[in-house]
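Okay, so here's the structure we're looking at.
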Amino acid sequence: MNLKFINANIIRANIIVNIKSFYRDKTVVFFRLAFPVILILVFGTIFMERDNEIFDLNIQDLDGTASSEQLITAVDSSKRFKITTVDPAVNARPYAMGGKANLVLIVPKGFEMSLMEEMSAESSGKSVTLTTLYDPSSFGVTTKMGVLELVLAGINQKMSGKPAPIDLTEISVLKKKYRFIEFFVPGIIAMAVMTACLFGSVNLNAELRQKGVLRKLSTTPITRIDWILSNVLYQFILAVLSTLVMLVVSYFVFNVSLSINGWLLVFVALDVFAFVGLGMILTRVAREAESAAAAADALMFPMMFLSGTFFPVEMMPEFLQKFARVLPLYYVNEGLRASMVFVDHMASLKNALFIGVFAFVVFVIGTIVTTFNGERT
Amino acid sequence: MTINTPYAIEVDGLTKQYNDFLAVDNLSFTVKKAEVFALLGPNGAGKTTTVEIINTILKPTSGTVTLLGMDVTQKKYDIIPRIGVLPQGFSSFDRITVRETLEYYSRLFGCRKTDIKGLIALVNLNHKADEQYRKLSGGLKQRLGIAVALVNDPEVIFLDEPTTGLDPRARREVWEVLLDLKKKGKTVFLTTHYMEEAEVLADTVAIIAKGRITAMGSPLELIENNVNYFTMTLTSVDENMVGIIRKMGFDPVPNAYEDTHEDTQEDNHGIFKIHLEHTDDVRRILNAANDGKASFISLDIRKPNLEEVFLKLTDDPLRHDLSSMKETV
Chain A
59 MNLKFINANI IRANIIVNIK SFYRDKTVVF FRLAFPVILI LVFGTIFMER DNEIFDLNIQ
119 DLDGTASSEQ LITAVDSSKR FKITTVDPAV NARPYAMGGK ANLVLIVPKG FEMSLMEEMS
179 AESSGKSVTL TTLYDPSSFG VTTKMGVLEL VLAGINQKMS GKPAPIDLTE ISVLKKKYRF
239 IEFFVPGIIA MAVMTACLFG SVNLNAELRQ KGVLRKLSTT PITRIDWILS NVLYQFILAV
299 LSTLVMLVVS YFVFNVSLSI NGWLLVFVAL DVFAFVGLGM ILTRVAREAE SAAAAADALM
359 FPMMFLSGTF FPVEMMPEFL QKFARVLPLY YVNEGLRASM VFVDHMASLK NALFIGVFAF
419 VVFVIGTIVT TFNGERT
Chain B
-14 MTINTPYAIE VDGLTKQYND FLAVDNLSFT VKKAEVFALL GPNGAGKTTT VEIINTILKP
46 TSGTVTLLGM DVTQKKYDII PRIGVLPQGF SSFDRITVRE TLEYYSRLFG CRKTDIKGLI
106 ALVNLNHKAD EQYRKLSGGL KQRLGIAVAL VNDPEVIFLD EPTTGLDPRA RREVWEVLLD
166 LKKKGKTVFL TTHYMEEAEV LADTVAIIAK GRITAMGSPL ELIENNVNYF TMTLTSVDEN
226 MVGIIRKMGF DPVPNAYEDT HEDTQEDNHG IFKIHLEHTD DVRRILNAAN DGKASFISLD
286 IRKPNLEEVF LKLTDDPLRH DLSSMKETV
């Protein structure tokens, strides 16, 4: 790289033209800024629901006594259920089969009396039986039944008046309690920067080359280095802007608790360099704008789904986990989570080194193979 | 090192080879300062390759090119600020306005005093100054391309097929801009495949075919040195007319430019071109037609022009190419 070929005025002029072209193209603005935000809103809402999931529970009280009412109140106070009472006159089976409920808890007639007998000195040792009527074809009903069993076990324990012989203490490996959205946002940041830089680089270089704009530029004082640097800086500016928008929306809508430190800028910058470089190589390999975009798609989709953006890599089979570890986006995802969620600087550094080496190699290759006039270097 | 020379461009033994294809074959010529030089040839003749080597876009396989006294392969970044280039099929950033495009290129050249307003006026784009590039018509885009080529007030201007694809009106508008540059004493290197364009604009014309220059000189010199006949174009639907003319020893050629019906030749009627050496031949043909009671619709007699030179100096495939040029004019 010859430093005399770097001209700050030219780089600034190029960035201004790119930014004007960006904000005048509403489609690009949407996909660059609004689309990642929509993803955060959609997935954030889904994950938020799962974090604080409250199940619908239908209870039919056939006993109608103070004890049965106390039981219903105790279930309700667990805060895991939204309770709907079913009229005792209704036949519970057709009610459940009619799709009105996938789980009905039936408190039988004589519940209070049986309970009193069990709690008296002349206890027969038999439990009072409640019935659950459930639809096994309904999604999530097993989980709901499991939660109900836990709640009832808790009530039983309390009623026995003795402390539980075995208790459980939860200790999180993290300093704070995190929700899934807090793991998701860094992944979306990494993915949004990757797609924008890969496509931005491919579109800019392939389209302008195909249209002959690069040929014209080769007859001006702008050098290859000026051109590449200005494009990287432009992509970096947009990446920072897009990251800011995503973080602001995440804070305001989901009140996320993420640590913002220098690593965020480091990973965004490495993400930009890596995927702008990859885009330049693709543009060179696939000569037409359309085939370069198709090649970018082919690279992008496996990375989006297999490098832990939408779900943890650990959920995948062993061989796919190994594959994920060769994808550059995996290290951006892991690095961003290490810095923003776990605040683990050593892990951030390790991931930054991996993606840094990759970014350096592809960027250098991209710079070497990029030309203005279409002749092979 | 800059050499003081009366020539803006000196080309010596220039060759460009792409794998097995020889695009430019040992070209040698010079272009004087303040002259309009036209490289005239059909598509694929090597015009663009030649101009792109001279204006530093491409590298030659062999030979030397000196531009403003500097070797183009050695002094690219010294040459570039002193030249302006309109590449073939000029294009720019879609969503940038005319004014912004000129400001952008002006910044690339580091020109702080570029008269953007004056340039816009020169190419007659005042009413479109704030229009985005993508919304301009083909002619307006080309005029913007010429203005872009002038932002750095260049000493030599390269225009690669500046009017290709434009309608006749837009073409003439571009010619006016180029004639203006000529008046200002700029050296203009023009490539074209339009005869009329070269004839109207150029001081010197070099005809190039298959990568070689086949003739060079002023349009008048080329005509005088290469064509000693004038052309009679006869339009007739009379079946006897061609026979009568052939009997007189002339060779009427169906005019492919204006009559594209293949069956016309077989029917022996339509539009024909006849090359005549003496003006007296016209009278003889008319008398023979009168005697043979053969009628005709129109008769046109033209002095030789570059088109005839072109036809004479190039092979048959070029005739075909010429016919397509004529159709698009």
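Chain order of the listed sequences is A and B. Residue numbers for the first sequence, in my numbering: 59 to 435. Residue numbers for the second sequence, in my numbering: -14 to 314. Every residue, glycine too, gets a C-beta built ideally from N, C-alpha and C.
Assigned secondary structure, residue i (DSSP; H/G/I helix, E/B strand, else coil)
i: residue 316(A); result: coil
i: residue 403(A); result: helix
i: residue 6(B); result: strand
i: residue 246(A); result: helix
i: residue 345(A); result: coil
i: residue 296(B); result: helix
i: residue 11(B); result: strand
i: residue 156(B); result: helix
i: residue 149(B); result: coil
i: residue 162(A); result: strand
i: residue 385(A); result: coil
i: residue 193(A); result: coil
i: residue 329(A); result: helix
i: residue 58(B); result: coil
i: residue 425(A); result: helix
i: residue 187(A); result: coil
i: residue 35(B); result: helix
i: residue 123(A); result: coil
i: residue 172(B); result: strand
Other residues of its chain near residue i: CB distance less than 7 angstroms, five sequence neighbours each side excluded
i: residue 151(B); result: 123, 124, 127 and 159
i: residue 260(A); result: 337, 340, 341, 350, 351 and 354
i: residue 41(B); result: 57, 61, 64 and 65
i: residue 362(A); result: 249
i: residue 448(A); result: Nothing in the structure corresponds to residue 448(A), since chain A is present only between 59 and 435.
Proximity to residue i [Cα-Cα], best of the options
i: residue 179(B); options: -10(B), 87(B), 262(B) and 27(B); result: 27(B)
i: residue 67(B); options: 264(B), 258(B), 135(B) and 260(B); result: 135(B)
i: residue 165(A); options: 428(A), 117(A), 65(A) and 333(A); result: 117(A)
i: residue -4(B); options: 55(B), 19(B), 290(B) and 29(B); result: 55(B)
i: residue 387(A); options: 311(A), 375(A), 373(A) and 414(A); result: 414(A)
i: residue 396(A); options: 374(A), 417(A), 320(A) and 111(A); result: 320(A)
i: residue 198(B); options: 209(B), 146(B), 212(B) and 176(B); result: 176(B)
i: residue 93(A); options: 332(A), 356(A), 300(A) and 364(A); result: 300(A)
i: residue 200(B); options: 72(B), 74(B), 13(B) and 117(B); result: 13(B)
i: residue 171(B); options: 211(B), 259(B) and 69(B); result: 69(B)
i: residue 17(B); options: 0(B), -1(B) and 53(B); result: 53(B)
i: residue 31(B); options: 47(B), 15(B) and 0(B); result: 0(B)
Per DSSP, the bridge partner or partners of residue i
i: residue 47(B); result: 0(B)
i: residue 258(B); result: 218(B) and 238(B)
i: residue 177(B); result: 25(B)
i: residue 69(B); result: 142(B)
i: residue 67(A); result: Residue 67(A) is not bridged to any residue.
i: residue 202(B); result: 190(B)
i: residue 284(B); result: 219(B)
i: residue -5(B); result: 15(B) and 51(B)
i: residue 113(A); result: 139(A)
i: residue 118(B); result: Note: residue 118(B) sits in no beta bridge, so no partner.
i: residue 118(A); result: 144(A) and 164(A)
i: residue 197(B); result: 194(B)
i: residue 253(A); result: BP columns for residue 253(A) are empty, so no partner.
i: residue 82(B); result: 117(B)
beta-carbon residue i near the ligand FAD non-hydrogen atom, thresh 7 angstroms
i: residue 276(A); result: As far as ligands go, the structure on display features none, and thus does not contain the ligand FAD.
Neighbourhood of residue i by C-beta distance below 8 angstroms, restricted to the same chain and skipping five residues each side
i: residue 115(B); result: 82, 83 and 84
i: residue 44(B); result: 38 and 58
i: residue 204(A); result: none
i: residue 117(B); result: 79, 80, 81 and 82
Cβ-based neighbour list, residue i, same chain, cut-off 6 angstroms, excluding 5 preceding and 5 following
i: residue 283(B); result: 220
i: residue 371(A); result: 379 and 382
i: residue 421(A); result: 331 and 335
Do the stretch -5 to 8 of chain B and the stretch 101 to 108 of chain B make contact, defined as three or more Cβ pairs closer than 8 angstroms?
-> The stretch -5 to 8 of chain B, when compared against the stretch 101 to 108 of chain B, does not touch it at the 8 angstroms Cβ threshold.
On the three-pair Cβ rule with 8 angstroms, is the stretch 226 to 235 of chain B touching the stretch 194 to 201 of chain B?
-> Contact between the stretch 226 to 235 of chain B and the stretch 194 to 201 of chain B is absent, because fewer than three Cβ pairs lie under 8 angstroms.
If you pair each beta-carbon of the stretch 280 to 298 of chain A with each one of the stretch 65 to 83 of chain A, do three or more pairs fall below 8 angstroms?
-> Yes: the two stretches touch, three or more of their Cβ pairs being nearer than 8 angstroms.
So, do the stretch 154 to 173 of chain B and the stretch 182 to 191 of chain B have three or more beta carbon pairs nearer to each other than 8 angstroms?
-> By the criterion of at least three beta-carbon pairs nearer than 8 angstroms, the stretch 154 to 173 of chain B is in contact with the stretch 182 to 191 of chain B.
Report yes or no: do three or more beta-carbon pairs, one from the stretch 276 to 283 of chain A and one from the stretch 238 to 248 of chain A, lie closer than 8 angstroms?
-> With the cut-off at 8 angstroms, the stretch 276 to 283 of chain A and the stretch 238 to 248 of chain A do not touch.
Using 8 angstroms as the threshold, is the stretch 247 to 264 of chain A in touch with the stretch 217 to 229 of chain A, meaning 3 or more CB pairs across them?
-> Contact between the stretch 247 to 264 of chain A and the stretch 217 to 229 of chain A is absent: fewer than three C-beta pairs spanning the two stretches fall below 8 angstroms.
At least three beta-carbon pairs within less than 8 angstroms, the stretch 266 to 273 of chain A to the stretch 127 to 144 of chain A = They do not touch, by the three-pair rule.
Residues within the stretch 260 to 273 of chain A neighbouring chain C, beta-carbon criterion of under 7 angstroms | Judged by its chain identifiers, the structure shown contains no chain C, and its protein chains are A and B.
Between the stretch 81 to 93 of chain A and the stretch 306 to 320 of chain A, do at least 3 Cβ pairs fall closer than 8 angstroms?
-> The stretch 81 to 93 of chain A and the stretch 306 to 320 of chain A do not touch, with fewer than 3 CB-CB distances between them shorter than 8 angstroms.
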